[in-house]
Amino acid sequence: MARRSFIAIVGHGPDLEREEGAASVLRSLGADVRTLDLWDDPPRLFHDDESKARAIVVEALDRPDLAAAALRALRREPRLEEVGALVAVSVAQIARIEPSSGFDDFLLVPYVPAELYARVRLVEWRRSEFATEERVKVGAIVIDRAAHDVSVGGMHVPLTAKEFALLSYVCERRGKVVSRTELLRRVWGSQYEGGARTVDIHVRRLRAKLGAALPLVTLRGAGYRLESPLPGSGGPEGGDAARTAPRGAAGAEAHGEERGEPRDEDEDEDEDAEGDEDEDEDEDAEEAARAERRSGSSAHDAATPGRDRRITR
Numbered sequence: 005m006a007r008r009s010f011i012a013i014v015g016h017g018p019d020l021e022r023e024e025g026a027a028s029v030l031r032s033l034g035a036d037v038r039t040l041d042l043w044d045d046p047p048r049l050f051h052d053d054e055s056k057a058r059a060i061v062v063e064a065l066d067r068p069d070l071a072a073a074a075l076r077a078l079r080r081e082p083r084l085e086e087v088g089a090l091v092a093v094s095v096a097q098i099a100r101i102e103p104s105s106g107f108d109d110f111l112l113v114p115y116v117p118a119e120l121y122a123r124v125r126l127v128e129w130r131r132s133e134f135a136t137e138e139r140v141k142v143g144a145i146v147i148d149r150a151a152h153d154v155s156v157g158g159m160h161v162p163l164t165a166k167e168f169a170l171l172s173y174v175c176e177r178r179g180k181v182v183s184r185t186e187l188l189r190r191v192w193g194s195q196y197e198g199g200a201r202t203v204d205i206h207v208r209r210l211r212a213k214l215g216a217a218l219p220l221v222t223l224r225g226a227g228y229r230l231e232s233p234l235p236g237s238g239g240p241e242g243g244d245a246a247r248t249a250p251r252g253a254a255g256a257e258a259h260g261e262e263r264g265e266p267r268d269e270d271e272d273e274d275e276d277a278e279g280d281e282d283e284d285e286d287e288d289a290e291e292a293a294r295a296e297r298r299s300g301s302s303a304h305d306a307a308t309p310g311r312d313r314r315i316t317r
């Protein structure tokens with residue numbers, strides 16, 4: 005049986021069913037809505053085991069100070085831990101919204117119906133995850149296998165062939181530990197003769213490019229595990245992930261330390277060592293092409309008698 009999804013509206017009891025309130029507006033747009041008083045127990049939202057919350061709207065109105073406390077109470081209910089949440093406030097209270105309150109977005113009252121529903125769908129999309137034959141979504145990361153494309157919060161992120169294959173595999177194995185040996189076999193192939201250092205280098209590059217959107221944790225002596233994305237790690241304008249990516253590998257690793265991730269065993273080595281041990285196919289192909297052009301140019305020079313060769317110092 006398909007799970008029945010609903011939008012949870014939380015606020016001051018007597019105001020929840022007012023005509024211009026979020027509950028009435030969303031119902032008029034065809035959404036399944038359930039309401040909860042600020043002081044009621046969150047489990048009351050779930051009438052049966054088949055119910056699932058799509059999003060939460062906390063109507064703080066002129067009391068944004070109550071919103072954060074209400075959200076903390078809601079998050080104590082396991083079925084609401086990963087549900088996207090919006091806070092609705094009056095225009096006069098916008099400045100009182102704390103970025104650290106835990107909400108994914110905010111709404112202004114009085115509502116614009118189309119905007120209200122669009123923002124609910126947006127926060128639902130940000131928090132959603134799915135995997136099909138053609139597309140995989142983990143947090144803000146969307147992998148399009150058919151187009152061989154990766155985006156974070158709607159922004160394209162260029163990856164090499166091996167980086168793309170590595171990212172796809174760890175996303176498929178979400179929540180499970182994958183060893184370096186397993187990654188070498190599944191991404192590089194059983195005939196590959198390189199070592200585990202290659203995996204570490206490519207993981208480091210993925211972290212640098214994807215930033216906070218990629219919660220890939222290093223487990224010393226075991227391998228890697230992809231965990232749940234951080235709240236707010238990427239959005240329609242790129243979010244935290246897009247702002248993190250330009251910092252480069254050093255910035256990404258520093259961010260990992262802030263989150264308590266163990267560093268790779270070899271991460272303290274000089275960055276120049278990466279170039280000597282890189283086994284990426286695309287770079288090998290580029291080097292071969294450059295060598296071929298050089299050899300063609302040399303042959304042409306040799307075949308041209310009396311050609312004036314100038315050396316610029």
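The end of the sequence shown is residue 317 by our numbering, with every number in the run present. Don't be surprised by glycine CBs; every beta carbon is placed ideally from N, CA and C.
Could you give the residue range of the beta strand (DSSP E) that holds residue i?
| i | result |
| --- | --- |
| Ala118 | Counting along the chain, Ala118 falls outside any beta strand (DSSP E), though it belongs to the alpha helix (DSSP H) covering Pro117 to Arg131. |
| Phe110 | Asp109 to Val113 |
| Val142 | Arg139 to Val142 |
Quickly, what does DSSP pair residue i with across the bridge? List them, please.
| i | result |
| --- | --- |
| Ser382 | Residue 382 cannot be examined here, being either before or after the span of the chain that is shown, 5 to 317. |
| Tyr228 | Val182 and Thr222 |
| Ile60 | Ala12 and Ala89 |
| Asp153 | Asp148 |
| Leu65 | Val93 |
| His160 | Ser155 |
| Ser55 | Arg8 |
| Ala135 | Val140 |
Let me know if residue i comes out buried or exposed under the rule of 16 or more other beta-carbons within 10 Å of its beta-carbon.
| i | result |
| --- | --- |
| Glu54 | exposed |
| Ala92 | buried |
| Thr39 | buried |
| Gln195 | exposed |
| Arg80 | exposed |
| Glu138 | exposed |
| Lys166 | buried |
| Ala135 | exposed |
| Leu20 | buried |
Given a cut-off of 8 Å on the beta-carbon distance, is the pair residue i and residue j in contact?
| i | j | result |
| --- | --- | --- |
| Gly179 | Leu210 | no |
| Val113 | Leu49 | no |
| Ala35 | Ile13 | no |
| Asp45 | Gly17 | no |
| Ala217 | Gly106 | no |
| Val191 | Leu214 | no |
| Arg131 | Val87 | yes |
| Ala59 | Val124 | yes |
| Val127 | Asp108 | yes |
| Arg100 | Pro68 | yes |
| Pro117 | Leu33 | yes |
| Ser172 | Val140 | yes |
| Leu90 | Leu30 | no |
| Val203 | Leu187 | yes |
| Val207 | Leu220 | yes |
| Leu78 | Leu84 | yes |
In the DSSP assignment, find the unbroken alpha helix (DSSP H) run with residue i in it and report its ends.
| i | result |
| --- | --- |
| Leu171 | Ala165 to Glu176 |
| Ile205 | Arg201 to Leu214 |
Practice item. Return the chain-ordered ranges of every beta strand (DSSP E) run that is complete within the stretch 9 to 53 and spans a minimum of 3 residues. Key: Here the runs fully enclosed are 37 to 41.
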